[in-house]
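>
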Amino acid sequence: MAAQSEIQSRFPVSPASRCGGHIVVRQLRGSEESACDAFFGQLHWYDVRWRFGGPRTSGGCLLPRREGFCQSLAFAASSEAGDILGIINVEYLDADTAEVALIVRSDLKHQGIGALLLSHVMNWSRTSGLKWLTGHVMTDNKAMLRLALAAGFICVGGDQALVELNWPIDTAA
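For any residue, its number in our numbering is found by taking its place in the sequence shown, counting from 1, and adding 10.
1) Using the beta-carbon count (16 or more within 10 Å), is Gly-122 buried or exposed?
2) Using CA coordinates, which residue listed in Ala-160, Asp-150, His-130 and Ile-179 is at the minimum distance from Leu-140?
3) Output the distance between the C-alpha atoms of Asn-151 and Gly-162, rounded to the nearest integer angstrom.
4) Keeping to the same chain, check which residues put their C-beta closer than 8 Å to that of Ala-171; ignore five residues upstream and five downstream.
5) Just list the residues that DSSP pairs Glu-192 with in beta bridges.
6) Helix, strand or coil, according to DSSP, for Trp-177 in the structure here?
7) Does the beta-carbon distance from Ala-87 to Val-166 come in below 9 Å?
8) Hey, out of Gly-31, Tyr-56 and Glu-174, whose CA is closest to Ala-190's CA?
9) Could you name the residues that DSSP lists as bridge partners for Asn-99?
10) Using a threshold of 9 Å, state whether the C-beta atoms of Val-114 and Leu-127 are closer than that.
11) Starting from Arg-156, trace the alpha helix (DSSP H) in both directions and tell me its first and last residue.
12) Quick one: grab the DSSP three-state call for Leu-53.
13) Can you tell which of Leu-157, Asp-117 and Gly-145 has its C-alpha closest to the C-alpha of Asn-99?
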């Protein structure tokens, strides 16, 4: 429980209090393509670029998938009405490492939803058997860089366009 309070102290503002309603973080199902399309339709082009590195045309790319040895999960922050407010994808790279990628609805950014999703996955990862979370953030996506660094991710490389961040999972926390 100490780990939970540590993460909460990094993200002191409750997204529910800022968004005006109760927010639920839940696992996204592969059958929710229409909900992902509705969410995707509320994203600005630059948020899509920051998340995917280029254009996409539908929300299906946010759904969890399983292809061969590649497995991914997705968690959604949802409103009381069931609308998706943000999605964090977790893709296993190997037995020890998973890559995370986060996107929040463009009109709801800077309200704590991304922090809620990231802290959820960080807590989940402690019991998953993983040793590392990793992510790649475009250098001009300052808000995501601030969030990842505040959460404890460490910059381990990159170039002028992209920063690689890692978070060592402390299962004893």
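C-beta atoms are modelled at their ideal positions from N, C-alpha and C, and glycine is treated no differently.
The short version:
1) The residue is buried, with at least 16 neighbouring Cβ atoms inside 10 Å.
2) Checked all of Ala-160, Asp-150, His-130 and Ile-179; the closest Cα to Leu-140 is Ile-179.
3) Computed Cα separation, rounded: 17 Å.
4) Within the same chain, Ala-171 has close Cβ partners Met-148 and Thr-149.
5) Since the first residue of the chain shown is 11 and the last is 183, residue 192 is not available in this structure.
6) Residue state, collapsed to three classes: strand.
7) Judged by their CB atoms, Ala-87 and Val-166 are not nearer to each other than the 9 Å cut-off.
8) Residue coverage of the chain in this structure runs from 11 to 183, which leaves residue 190 outside it and unanswerable.
9) Asn-99 pairs with Ala-84 and Ala-111.
10) Cβ atoms of Val-114 and Leu-127: closer than 9 Å.
11) Start and end: 152-161.
12) Three-state result, Leu-53: coil.
13) Comparing Cα-Cα distances from Asn-99 to each of Leu-157, Asp-117 and Gly-145, the minimum goes to Gly-145.
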